[in-house]
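K.L.:
Take the sequence shown: its letters are residues -3 to 206, numbered as in our numbering. Just so you know, even glycine gets a beta-carbon here, dropped at the ideal spot from N, CA and C. Take a look at the following structure, please.
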Amino acid sequence: MRRTHTRLAAVAAAAALALGLGAGSASAGSAEMPTPVALYSGLTSLGCQQVNASLLPLCGDFEVLTSDDPAMLTLNPFTTDIVILGAGLFPDGGIRPVLEERLRTGFRLAQAYPTARIIVTGGMPQNGRTEARAMGDWLRGAGISPLRITEEGNSASTVQNAQFTDRIFRDRGTTGAVVVTTGDHVKRAVLNFRQAVGGRIPVTGVVARG
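Set out below in structure tokens:
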């Protein structure tokens, strides 16, 4: 236990050092250079790959999740996947405002990193339409190529979002995941995804903004 806490502290210290060194070297939303906060979170996400599963919640407490473009996506926009989490639809199958916030943020990332693949995840159909299908339709309507979008429409919870999406990660050799969801949900969602991937790949989150 002491060794694990020491390792977590070392990760946080290294990330804090990088944060200090990187201050002023990047602008928010830049696709060329991660912001200092994004670099901090990126290093922390790498550190969280190394800890025992029982300590993942503690590891997540070191992370600072924001709406900044994540470092792993900035540095590798080819096999890092953007994962947009679903939210309950209206009874007629329409998209609620909270889900549109997530989609707008995912769309912004997709535009900034046109080689990145996108996974939309969520079942719970309304009027014969799953969350994933509604999200895919929204993104396609906004101009995102259908070839970039994978729909995972069977999950009924955040835990299942993570478990079922991990099957997609494994099938296509994903090397990192960026989870997009709203602020009151992102920390738990990142934890669920880290638990699902079992340390195989780094996972971080982006806070959706309207």
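1) Do you know how far the Cα of A83 is from the Cα of G179?
2) In this structure, how does DSSP classify A138 when only helix, strand and coil are distinguished?
3) Classify R205 as helix, strand or coil using the three-state DSSP reduction.
4) Check each candidate in Y36, C55, P30 and L35 and name the one with the smallest Cα separation from K183.
5) At the level of alpha carbons, what is the spacing between N150 and V116?
6) For H181, tell me which candidate among P87, V202 and T75 has the shortest Cα-Cα distance.
7) From G215 to T146, what distance separates their C-alpha atoms?
8) Under 7 angstroms, do V186 and V175 count as touching if we go by C-beta distance?
9) Quick one: using the 10 Å Cβ neighbour count with 16 as the cut-off for buried, is N188 buried or exposed?
10) Can you tell me whether DSSP reads L35 as helix, strand or coil?
11) Enumerated in chain order, which unbroken segments of the alpha helix (DSSP H) with a length of 4 residues or greater are wholly contained in the segment 66 to 154?
12) Distance check for A49 and M131, CA to CA, integer angstroms please.
13) Taking the beta strand (DSSP E) that A49 belongs to, which residues open and close that run?
14) Under 7 angstroms Cβ to Cβ from T171, same chain only, skipping five residues before and after it: list those, please.
P.N.:
Walking through what the data contain:
1) 13 angstroms
2) coil
3) Under the three-state reduction of DSSP output, R205 falls in the coil class, being neither helix nor strand.
4) C55
5) Going from the Cα of N150 to the Cα of V116 covers about 11 angstroms.
6) V202
7) Because residue 215 is not part of the residues shown, which for the chain are -3 to 206, the question remains open.
8) yes
9) buried
10) helix
11) 67 to 71, 93 to 108 and 127 to 137
12) 31 angstroms
13) Premise fails: A49 is in no beta strand (DSSP E) and is neither H nor E.
14) N72, T75, T76 and I197
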